[in-house]
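Structure first, then comments.
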Amino acid sequence: MKSIQYIVMVVLFLALSACTSMVSKNISDDGIPEEVVFPDKADAWNEEGIFPNVGSLHSIGPGVGKQTIYQLIGVPHFSERIGAREWDYIFNFRNNEDQSVTQCQYKIIFDVDRLAQSFYWLPRDCGKDFFQSDTPDNY
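In this text, residue positions in the sequence shown follow our numbering: the first is 413, and each later residue adds one.
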């Protein structure tokens, strides 16, 4: 009986740690990372990315909750769950002049209250028209 309880506890611990995993380093309670780390695009369940609604992206900024973000741009494109402190996306943007497509990674980092606080783009110039955090500047 004790071994079954032990196994259940281990499984629950592993499940909870997966739900709250972080890629970025030392995220404060306020949702500010010491170091921003983007996941490898090959690890996404949707490596193609999506063409987001640009108006929806303009609606995202500090203090927006996870449910609103979920409604605006959908589920994260990596293995993050609702309890995770950061969500990552792969977005595609079409250039109106030559119809080329630029692929960008987008990261949202949440505070302990599950409100979005920090926003990062890779490459950085992908976020020039949207809200983007200033710190840390070393990503």
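For glycine and all other residues, C-beta sits at the position ideal for the given N, C-alpha and C. In this text, all values refer to a predicted model and were calculated from it rather than measured experimentally.
Other residues of its chain near residue i: CB distance less than 6 Å, five sequence neighbours each side excluded
{"i": "R506", "result": "V513"}
{"i": "E446", "result": "K437, N438"}
{"i": "I485", "result": "P464, S468"}
{"i": "N458", "result": "H489"}
CB contact below 9 Å: residue i versus chain C
{"i": "K437", "result": "Among the protein chains of the structure shown there is no chain C, as only one such chain exists."}
Rounded Cβ spacing between residue i and residue j (contact assumed at less than 8 Å)
{"i": "F472", "j": "I481", "result": "In the sequence on display, residue 472 carries Ile and not Phe. With a Cβ gap of about 6 Å, I472 and I481 count as contacting."}
{"i": "I502", "j": "G443", "result": "About 21 Å; that fails the 8 Å criterion."}
{"i": "I439", "j": "N504", "result": "Actually they do not touch by this definition, with Cβ atoms about 27 Å apart."}
{"i": "D523", "j": "D441", "result": "6 Å"}
Cβ shell of residue i (< 8 Å), same chain only, five flanking positions each side left out
{"i": "F450", "result": "V435, D500, Q517, K519, Y532, L534, Y551"}
{"i": "F542", "result": "L469, H470, I472, F531, W533"}
{"i": "G475", "result": "L527, A528, Q529"}
Residue i - DSSP class collapsed to helix/strand/coil
{"i": "Q544", "result": "coil"}
{"i": "D455", "result": "helix"}
{"i": "K520", "result": "Inspection of the sequence shows that residue 520 is occupied by Ile rather than by Lys. Three-state result, I520: strand."}
{"i": "S471", "result": "coil"}
Selected residue, minimal CA-CA separation from residue i, among the options
{"i": "A456", "options": "V466, K540, V487, P445", "result": "V487"}
{"i": "Q483", "options": "P464, E492, A454", "result": "P464"}
{"i": "D537", "options": "Q479, P548, Q515, E459", "result": "Q515"}
{"i": "V448", "options": "D523, Q511, K437, N458", "result": "K437"}
{"i": "H489", "options": "D510, V524, E460", "result": "E460"}
{"i": "G477", "options": "V466, G467, E498, N458", "result": "E498"}
{"i": "A454", "options": "S491, S545, Q479, V466", "result": "S491"}
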